[in-house]
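First the structure, in the form of structure tokens, and then the observations on it.
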Amino acid sequence: MRILLFSAAVALSSLAAFGQPNGWNDPFPPHKIMDNFYYVGTKELASFLIVTPQGNILMNSNYETSVPVIKANVEKLGFKFSDIKILIAGHAHPDHVEGDAMVKELTGAQVVVGRVDEAKTREFRPGGKEHPIDRLVDDGETVTFGGTTLTAHIMPGHTRGCLAWSTTLKENGKSYYTFIECSLNGRFVQTLDQYPGILDDFRATYKKARTFPVELWVSSHASFYGMAEKYAKLEKRGPNDPNPFVDPEGYKAHVDEYEKSFEAALAAPAQGKGRGQGKGKQDK
Ligand SMILES: [Zn+2]
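Structural data, given as structure tokens:
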């Protein structure tokens, strides 16, 4: 019994680390990253607002409890939440898509979801609400609205249909290839939804991540791209200082770091038990 209680506590505490807000929903000042691209997320869960003359695009609704924080941020920037016409759903984990139904309710936005993540995304039904999905997109498809085009890139592993998005932003007459990462996080690979080929997918995704000509980058978690540090630099930025979110070297280092931590998680002796298939795959 004691052992059972202990393992339940361990399961709960790892859930708290992995899935519960735990300060993740604390507010963070919204800010312009570049051009028509703004940060409107919480302290840890990233959401982005793309402002166009025809209305706005929101990327990532996060937890349902994050939605009021996002709404307040949108309004702090001087935009109307109801002007959100398209919601691009994050990958099929609750901290990125649980709030989709609430955003849909408040704005009527078209909800765009990656096709491969569709079934998993539908599983998130806070309060029993059906998960709204209006458009499914595949790798290479685009969302074009009000003069902005976003291109979807499938980066499977963290979820089977994890989608990154690219676009071009301009500042002072220069264009920047902009990459909105999905998640390269395989540090907790054992706790992710397992599917055949997950390890091969992760490895291919790290390779693919290096093929994009990334100049400006952000990700689904603020901590993944050093948001707080970059925001502090943005606040102190002088007229001749570079935009701190333009960080091609930081992007490469991030891919390297996450690939290493994924391989380290696989090599950890604790997860060998009962995971024979996974072990075999890792030798390939
Ligand atoms: Zn996730």
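Using the numbering used here, you'd call the opening residue of the sequence shown number 1003 and step up by one each time. No residue lacks a Cβ here, since even glycine has one placed at the ideal position from N, Cα and C.
For ligand 1, is there any heavy atom lying closer than 8 Å to the beta carbon of residue 1161? Numbered from 1 along the sequence shown, position 159 holds the residue referred to as residue 1161. For ligand 1, at least one heavy atom lies less than 8 Å from the Cβ of residue 1161.
How about residue 1225: is its Cβ closer than 8 Å to a heavy atom in ligand 1? One-based indexing of the sequence shown puts residue 1225 at position 223. No.
Have a look at residue 1112 and residue 1271 and give me their C-alpha separation to the nearest angstrom. Here residue 1112 corresponds to residue number 110 of the sequence shown, with the count starting at 1. Here residue 1271 corresponds to residue number 269 of the sequence shown, with the count starting at 1. Their Cα atoms are separated by approximately 45 Å.
Please report how far the alpha carbon of residue 1219 lies from the alpha carbon of residue 1129, in whole angstroms. For the purposes of this step, residue 1219 is taken as the residue at position 217 of the sequence shown. For the purposes of this step, residue 1129 is taken as the residue at position 127 of the sequence shown. Approximately 34 Å between the Cα atoms of the pair.
Distance, residue 1232 Cα to residue 1149 Cα: For the purposes of this step, residue 1149 is taken as residue 147 along the sequence shown, with counting starting at 1. For the purposes of this step, residue 1232 is taken as residue 230 along the sequence shown, with counting starting at 1. Roughly 27 Å between the two C-alpha positions.
For residue 1211 and residue 1079, the rounded distance between their alpha carbons: To locate residue 1079, count along the sequence shown from 1; it is residue 77. To locate residue 1211, count along the sequence shown from 1; it is residue 209. For residue 1079 and residue 1211, the distance between alpha carbons rounds to 32 Å.
Buried or exposed, going by whether 16 or more other CB atoms sit within 10 Å of the CB of residue 1154? As a position in the sequence shown, residue 1154 is number 152, starting the count at 1. The residue is buried, with at least 16 neighbouring Cβ atoms inside 10 Å.
With a threshold of 8 Å, establish whether the CB of residue 1095 neighbours any heavy atom of ligand 1. One-based indexing of the sequence shown puts residue 1095 at position 93. Answer for residue 1095: yes, Cβ within range of ligand 1.
May I have the straight-line CA-CA distance separating residue 1206 from residue 1162, to the nearest angstrom? Indexing the sequence shown from 1 puts residue 1206 at position 204. Indexing the sequence shown from 1 puts residue 1162 at position 160. Taking the straight line from one Cα to the other gives about 12 Å.
Determine the DSSP secondary structure at residue 1292, reduced to helix, strand or coil. Since the first residue of the chain shown is 1003 and the last is 1286, residue 1292 is not available in this structure.
Please report the distance separating the alpha-carbon of residue 1257 from that of residue 1124. Position 255 of the sequence shown, counted from the start, is the residue given in the question as residue 1257. Position 122 of the sequence shown, counted from the start, is the residue given in the question as residue 1124. Whole-angstrom Cα-Cα distance: 29 Å.
Along the chain, where does the beta strand (DSSP E) that runs through residue 1205 open and close? If you number the sequence shown from 1, residue 1205 lands on position 203. Run containing residue 1205: none in the beta strand (DSSP E); it sits in the alpha helix (DSSP H), 1200-1211.
Just checking residue 1024 against ligand 1 - is the residue's beta carbon closer than 8 Å to any of the ligand's heavy atoms? Translated into the one-based positions of the sequence shown, residue 1024 becomes position 22. For ligand 1, not one heavy atom lies less than 8 Å from the Cβ of residue 1024.
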